[in-house]
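K.L.:
Quick one: the structure is below, questions incoming.
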Amino acid sequence: MARYRVGVIGCGGIGVQHAAGLVGMDNAELVAGCDLNEDALSAFGERWRDTWGDVALYTDYRQMLDRERLDVVTVATPDNRHVDPVVDAANAGVQAIFCEKPLATSLADADRMRAAVEENGVLFSVDHTRRWIPLWRHLVEEVIGGGQVGEVQYVVGTLSGSRGSLFRNGTHLIDALCYLAGSDPEWVFAELERGYEDHTEYRGDGGSDPSLEPSASGYIHFANGVRGFYTGTSKRSAGPKWHFEVMGSEAQIIVDKEATLIRGGKSEIIVAPEAAMSGIPAGVRDLVEALGEGRETRSPMSAAMNVVEVIFGFLESQRLGNTRVDLPVPRDRA
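Using the working numbering, you'd call the opening residue of the sequence shown number 2 and step up by one each time.
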């Protein structure tokens, strides 16, 4: 069995979760980590010393790529700092990359990343975490996929709270709508949060201050005819952080902290199957398993690009007076 050499770029709390996905795997080992913050880097090395011995530590990820002969790289850098590590890792010959969301904060960066991954034949996954949460997988694969709601008519996602901007938790909301709809987005229209009417490009600081980025309300038309409603409105909204609805021809699903199936006037709680691992660590494990099995990941580049297209479709719709924007967004708006 091949034993993959793994390196983590960005060794803070999320990077620690990346490494946690490797624990107990016979075919993968953490051999290196990189971070500009030497305190975080040192803590990362100490955190995993008992598991993998002395992990090589770097403050320059290009040096790490040159020296460590890595098979797998994970990227946990700030939102607007994903493109160069992904492109450089792909060009350095790694076999698989796990990247934090959002894929990119410009269309030009997203296109560069996709080109590097595809030209080098790199297996890719982006951290849209619901794709590795057992309840969500069960909903999509067994409940919706098994026909329990009939034909899906529309999906609704509601996002509240201070981190509700498009490039922060908005990326998760868009991917969740695509995941529930089971289709690619074809066109959108949207209205941004009040006070951000002239916001046509990313102006954030890597995610530290969500007030620099807008929330939104928008519509997503999917290729299979499902209609998607993104309800963000304002980051000052009260209520639960997340709320989802799937309306089918025969039944309805409501997802808050738990999921409920409503059919024939009766409600039943949808029970999630047991799983040894969930969320971000499960995403990294899925990448390594997919590499060994020769399959696609559960959150591939195509899905990541769909989210970026919708985000910039929303921004372009706002710029044009809240009109329909066909996807992909014209690249002269990148």
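Ideal placement from N, C-alpha and C gives every residue a C-beta, glycine not left out.
Hey, how far is the Cα of Val-118 from the Cα of Leu-288?
P.N.:
Reading the sequence shown from its first residue, position 117 is the one you call residue 118. Reading the sequence shown from its first residue, position 287 is the one you call residue 288. Rounded to whole angstroms, Val-118 to Leu-288 spans 14 Å at the Cα level.
K.L.:
In this structure, how does DSSP classify Trp-243 when only helix, strand and coil are distinguished?
P.N.:
As a position in the sequence shown, residue 243 is number 242, starting the count at 1. Strand, per DSSP.
K.L.:
Out of curiosity, what's the CA-to-CA distance linking Asp-55 and Glu-47?
P.N.:
For the purposes of this step, residue 55 is taken as the residue at position 54 of the sequence shown. For the purposes of this step, residue 47 is taken as the residue at position 46 of the sequence shown. Distance between the alpha carbons of Asp-55 and Glu-47: 8 Å.
K.L.:
Determine the DSSP secondary structure at Leu-211, reduced to helix, strand or coil.
P.N.:
What you label residue 211 is simply residue 210 of the sequence shown in a count that begins at 1. As written in the sequence, residue 211 is Pro, which differs from the Leu given in the question. Helix at Pro-211.
K.L.:
The beta strand (DSSP E) with Leu-104 in it runs from where to where?
P.N.:
Numbered from 1 along the sequence shown, position 103 holds the residue referred to as residue 104. Segment: none, Leu-104 is in no beta strand (DSSP E) and carries neither H nor E.
K.L.:
Answer with buried or exposed for Gln-64, where buried requires no fewer than 16 other C-beta atoms within 10 angstroms of its C-beta.
P.N.:
What you label residue 64 is simply residue 63 of the sequence shown in a count that begins at 1. Classification of Gln-64: exposed, given that the 10 Å Cβ count is below 16.
K.L.:
Would you please state the rounded distance, in angstroms, between the beta carbons of Leu-42 and Asp-51? I believe it to be under 8 Å.
P.N.:
Within the sequence shown, residue 42 is the residue found at index 41, counting from 1. Within the sequence shown, residue 51 is the residue found at index 50, counting from 1. In fact, because the Cβ distance is near 17 Å, the residues do not count as touching under 8 Å.
K.L.:
Would you mind working out which of Val-9, Val-311, Trp-188 sits nearest Ala-33, comparing C-alpha positions?
P.N.:
As a working mapping, residue 33 is identified with position 32 in the sequence shown. When only C-alpha atoms are compared, the closest one is Val-9.
K.L.:
In chain order, which continuous runs of the beta strand (DSSP E) of length 3 or greater are located wholly inside the stretch 117-200?
P.N.:
Whole beta strand (DSSP E) segments, 3+ residues: 124-127, 153-160, 186-193.
K.L.:
Checking the sheet assignment: what are the DSSP bridge partners for Gln-253?
P.N.:
For the purposes of this step, residue 253 is identified with residue 252 of the sequence shown, where counting begins at 1. For Gln-253, which the question treats as bridged, DSSP gives the partners Met-248, Ile-263.
K.L.:
Since Val-76 and Glu-101 are thought to touch, with beta carbons under 8 Å apart, how far apart are those beta carbons, to the nearest angstrom?
P.N.:
Translated into positions along the sequence shown, residue 76 becomes position 75. Translated into positions along the sequence shown, residue 101 becomes position 100. The Cβ separation is near 6 Å, so the contact holds.
K.L.:
Apart from the five residues just before and just after Tyr-220, which ones in its own chain have a Cβ nearer than 8 Å to its Cβ?
P.N.:
Working through the sequence shown from its first residue, we reach residue 220 at position 219. Here the set comprises Val-189, Phe-190, Ala-191, Arg-228, Gly-229, Phe-230, Tyr-231.
K.L.:
With 16 as the cutoff for other CB atoms within 10 Å, does Gly-295 come out buried or exposed?
P.N.:
Residue mapping note: residue 295 aligns to position 294 of the sequence shown, counting from 1. By the neighbour-count rule (16 or more Cβ atoms within 10 Å), Gly-295 is not buried but exposed.
K.L.:
Does the distance from the CB of Gly-205 to the CB of Leu-213 come in under 8 Å?
P.N.:
The residue labelled residue 205 in the question sits at position 204 within the sequence shown. The residue labelled residue 213 in the question sits at position 212 within the sequence shown. Taking 8 Å as the Cβ cut-off, Gly-205 and Leu-213 qualify as a contacting pair.
K.L.:
Hey, out of Leu-160, Ile-134, Glu-198, whose CA is closest to Gly-233's CA?
P.N.:
Here the question's residue 233 lines up with position 232 in the sequence shown. Checking every option, the nearest Cα to that of Gly-233 belongs to Leu-160.
K.L.:
Just to check my reading of the structure: Leu-104 and Val-141 have Cβ atoms closer than 8 Å, yes? What is that Cβ distance to the nearest angstrom?
P.N.:
Numbered from its first residue, the sequence shown carries residue 104 at position 103. Numbered from its first residue, the sequence shown carries residue 141 at position 140. About 20 Å; that fails the 8 Å criterion.
K.L.:
Under 8 Å: do the stretch 162-180 and the stretch 121-135 share three or more Cβ pairs, one atom per stretch?
P.N.:
Touching, yes, given that three or more Cβ pairs across the two stretches are closer than 8 Å.
K.L.:
How long is the line joining the alpha carbons of Gly-146 and Val-7, rounded to whole angstroms?
P.N.:
Here residue 146 corresponds to residue number 145 of the sequence shown, with the count starting at 1. Here residue 7 corresponds to residue number 6 of the sequence shown, with the count starting at 1. The straight-line gap from Cα to Cα measures roughly 34 Å.
K.L.:
As a quick exercise: from Gln-319, Gly-14, Ile-263, Ala-111, pick the residue whose alpha carbon is nearest that of Gln-149.
P.N.:
Against the sequence shown, residue 149 aligns to sequence position 148. Of the candidates Gln-319, Gly-14, Ile-263, Ala-111, the one whose C-alpha sits nearest the C-alpha of Gln-149 is Ile-263.
K.L.:
So, using beta-carbon positions, are Ser-250 and Gln-154 closer together than 8 Å?
P.N.:
One-based indexing of the sequence shown puts residue 250 at position 249. One-based indexing of the sequence shown puts residue 154 at position 153. Contact: yes.
K.L.:
Could you give the DSSP three-state label for Thr-52: helix, strand or coil?
P.N.:
In the sequence shown, residue 52 corresponds to position 51, counting from 1. Here Thr-52 sits in helix by DSSP.
K.L.:
Considering only residues of the same chain and omitting the five flanking positions on each side of Asn-323, which have a CB-CB separation below 8 Å?
P.N.:
Counting from 1 along the sequence shown, the entry for residue 323 is found at position 322. Around Asn-323: Phe-190, Ala-191, Glu-192.
K.L.:
Since Arg-115 contacts Met-302 with CB under 8 Å, what's their CB separation in whole angstroms?
P.N.:
Within the sequence shown, residue 115 is the residue found at index 114, counting from 1. Within the sequence shown, residue 302 is the residue found at index 301, counting from 1. Right, their Cβ atoms sit about 6 Å apart.
K.L.:
Can you give me the Cβ contacts of Trp-53 inside the same chain, cut-off strictly under 6 Å, excluding the 5 residues immediately before and after it?
P.N.:
In the sequence shown, the residue the question calls residue 53 occupies position 52. Glu-30, Leu-31.
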